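Residue numbers (the numbering used here), protein chains in the order written: chain A, 113 to 314; chain B, 113 to 314. Presented below is the structure to which this report refers.
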DNA sequence: CAGAGAATAGAACGATCGTGCTTTTCTGTC
DNA sequence: GACAGAAAAGCACGATCGTTCTATTCTCTG
C-alpha cells in the first residue's frame, strides 16, 4: 500500500490519465479535462507533476507498469519455450479484449500519436514497445533452442508476425467493435506457431 | 486540370492538411497551423470549409482518393487471383515505404486518433478502411475460386492476416525508423501466401 | 476594360490551453 | 491536540483555439 496521501492521489490521477489517453489521446488530454475527470482542481492536480510533459511521462510509466502486470508477468508463469510464446501473444490479445484500457492497447494508441513528435515522451513509448518486442523475440529464441520452433526463420521475423496479429486485432476491434476479431487473432497466432513446428525428426 | 482558383487552392490546402495530419494528428491540427503551413490567412482558409469538422472530412476524402491512386488502382492492373492479392499487399507496403504521407499510412494514423470519438469523421475513416479490407478479401476470394489459394480458411481471415503484416511494418517503421521492416513485411506476406497454395492435386 | 462575384485578409469574440503565485485546507508527528 | 509541512484550491496571465463579421483584393466573363 502507498504511504502518503499525495502518492495515493497521484496514482488515482494516473489511472484516470492512462484510461482517458487511450480514448481521447495523450497529447490533447488537457490538465483541466483530467482535473475534472479526477474531481480535483486544475492547479491541485498540476502541482503533482510540474509540467504537462512530466504528466505525460508519468502516465506512460504508469501504463507500462500496468502492461507488465497484465501481460508480461502472467506469461512468465508459462514454461519457457513454445508455451511462453503462446502465453505472451494470448495475454496480449486478452489485455486488448478485456479492455484494461477503455480505448484498447495504450501503447498502440499513443505510439501513433507520438510517432512524429520528437521528445522524451515519444522516446519513452518507443522504449517500452521495443522492450516488449525484444522480450517476445527472446521467448521465440528459447523455443527455437528447445527445438520447438523451426530455427530457419529469424526470431525477430517471427516476433514481428505474431505481434502484428495481436496489434491487428486490437486495431480492428477499436474501429469496428466486432469482438470476433480477437478469436481471429488467436487463431492466426496459433496457426502460425503450429506451422513453425520443425519437421518431426524422430 | 481544375477549373477555378478556389478549387486549386482548396486542393493545395488538402494536400498540406493530409500530410500534416499524419505527422501532428488530424484532430489537433489547428486552422491557424494549417493556414501558416499553406501560406494563407486563418479566415481565408477557413472560408473554404466553413467548419473544422468539414475540413477534417474533406481531408479524409482527399487522403482516400490518394490511397486509391497509390494502392488500389495500380493493383487493379495485376491479373485477378493470386497476383492481385500480392499486388495489393505489395503496393500497400510500398505506399508506406515511399512515405506518400510523411507520417506513414494516413488511415492507420487517423483511425487510432478517432477510434473513440464518435462522429462523422470517425465514420468516414472506418468506412474507408472497411472498404479496403473488403476489397482485399474479395481479391482473396477470387484467388480461392481460381484454385490458387486454399479455400479451407475464410477469405476474411486471410485478408486480416495479410493486412496485419502491412499495418505492422508501417507502425514499426514509424516508431523505429528502420527501413528493413518493409522487406520483413513483404517476406511475411509472401510466405503466408505461399503457405496457402493448395496441395498440387494434379 | 469594366463590373460582378469569388477569394482572401483583418480584426475581434468567448473559451480553453499550460503555467505561475498566493491562500486555504488537510495530514501526520510529537 | 497543536503545529509544521504537504496537498489542494483560487485566481490571474498571455497565448491559441474555432468561429463570425466586415473589408479588401483578385478573377473571370461580357
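Beta carbons: idealized from backbone N, C-alpha and C, even for Gly. Note that the structure is a prediction, hence the values are computed from the model and not measured.
So is residue 276 of chain A in contact with chain B if we call contact Cβ pairs under 9 Å?
Chain B contact via Cβ: present.
Under 9 Å between C-beta atoms, does residue 221 of chain B make it to chain A?
At a cut-off of 9 Å between beta carbons, residue 221 of chain B contacts chain A.
Close beta carbons around residue 260 of chain B, own chain, < 6 Å, minus the five adjacent residues each side
193, 194
Spatial distance of residue 300 of chain B from residue 167 of chain B (CA atoms)
37 Å
Looking at chain A, which residues of the stretch 128 to 150 of chain B have a Cβ within less than 8 Å of any of its Cβ atoms?
134, 135, 136, 137, 139, 140
Give the range of the alpha helix (DSSP H) segment to which residue 124 of chain B is assigned.
117 to 136
At a CB distance below 8 Å, what residues from the stretch 206 to 220 of chain B approach chain A? Give them in sequence order.
214, 215, 216, 220
Taking Cβ-Cβ distances below 9 Å as the criterion, which residues of the stretch 280 to 312 of chain B are in contact with chain A?
280, 281, 283, 284, 286, 287, 288, 293, 296, 297, 299, 300, 303, 304, 307
Within 9 Å of any Cβ in chain B, is that where the Cβ of residue 268 of chain A sits?
With respect to chain B, the C-beta atom of residue 268 of chain A has a partner C-beta closer than 9 Å.
Would residue 282 of chain B and residue 187 of chain B qualify as a contact pair, given that the criterion is a beta-carbon distance under 9 Å?
no
Should residue 179 of chain B be flagged as near chain A, meaning a C-beta pair shorter than 9 Å?
By this cut-off, residue 179 of chain B is not an interface position.
Quick one: does residue 273 of chain B have its CB under 9 Å from some CB of chain A?
At least one beta carbon of chain A lies nearer than 9 Å to the beta carbon of residue 273 of chain B.
Sorted by chain position, which residues of the same chain lie with C-beta nearer than 6 Å to residue 293 of chain A's C-beta, five sequence neighbours on each side aside?
281, 284, 285
For residue 217 of chain A, the three-state DSSP class (helix, strand or coil)
coil
Does the beta carbon of residue 161 of chain A sit closer than 9 Å to a beta carbon anywhere in chain B?
no
Quick one: what's got a C-beta closer than 7 Å to residue 253 of chain A's C-beta in the same chain, skipping five residues either side?
The answer, listed in chain order, is 267.
Taking all protein chains shown into account, do 16 or more other C-beta atoms lie within 10 angstroms of the C-beta of residue 119 of chain B, making it buried, or fewer, making it exposed?
exposed
I'd like the list of long-range same chain contacts for residue 265 of chain B, defined as Cβ closer than 6 Å, with 5 residues on each side in sequence excluded.
Same-chain partners within the cutoff: there are none.
In three-state DSSP terms, what is residue 260 of chain A?
coil
Following the continuous alpha helix (DSSP H) through residue 210 of chain A, name the residue where it begins and the one where it ends.
Segment: none, residue 210 of chain A is in no alpha helix (DSSP H) and carries neither H nor E.
By how many angstroms is the C-alpha of residue 233 of chain A removed from the C-alpha of residue 161 of chain B?
33 Å
Rounded to the nearest angstrom, what separates residue 164 of chain B and residue 134 of chain B at their Cα positions?
The alpha-carbon atoms of residue 164 of chain B and residue 134 of chain B are separated by roughly 17 Å.
Name the two residues that bound the continuous alpha helix (DSSP H) containing residue 274 of chain B.
267 to 288
By Cβ distance below 6 Å, which residues in the same chain neighbour residue 176 of chain B in space, the five residues on each side in sequence not counted?
240
Evaluate the contact criterion for the stretch 130 to 145 of chain B versus the stretch 205 to 225 of chain B: three or more CB pairs, one atom per stretch, below 8 Å.
yes
Whose CA, out of A:155, A:287, A:199, A:224, lies closest to the CA of residue 185 of chain A?
Nearest option by C-alpha distance: A:199.
As a quick exercise: from A:172, A:139, A:263, pick the residue whose alpha carbon is nearest that of residue 310 of chain A.
A:263
Under the three-state reduction of DSSP, which class applies to residue 165 of chain B: helix, strand or coil?
In the structure shown, residue 165 of chain B falls within a helical segment according to DSSP collapsed to helix, strand and coil.
Residues of chain A with CB closer than 7 Å to the CB of residue 125 of chain B, please, in chain order.
Here the premise fails: no neighbours, minimum Cβ distance about 20 Å.
What residues from the stretch 235 to 261 of chain A come within 9 Å of chain B, judged by C-beta to C-beta, listed N to C?
237, 238, 241, 242, 245
For residue 213 of chain A versus residue 278 of chain A, is the C-beta spacing smaller than 9 Å?
Residue 213 of chain A places its beta carbon 9 Å or farther from that of residue 278 of chain A.
Please report whether the beta-carbon of residue 225 of chain B lies at a distance below 9 Å from any beta-carbon of chain A.
Proximity of residue 225 of chain B to chain A, defined by a Cβ-Cβ separation below 9 Å, is satisfied.
Return helix, strand or coil for residue 187 of chain A, following the three-state DSSP convention.
Helix.
As assigned by DSSP and simplified to three states, the class of residue 194 of chain B:
Helix at residue 194 of chain B.
Using a Cβ-Cβ cutoff of less than 6 Å, which residues in the same chain neighbour residue 203 of chain B once the five nearest sequence positions on both sides are dropped?
183, 186, 187
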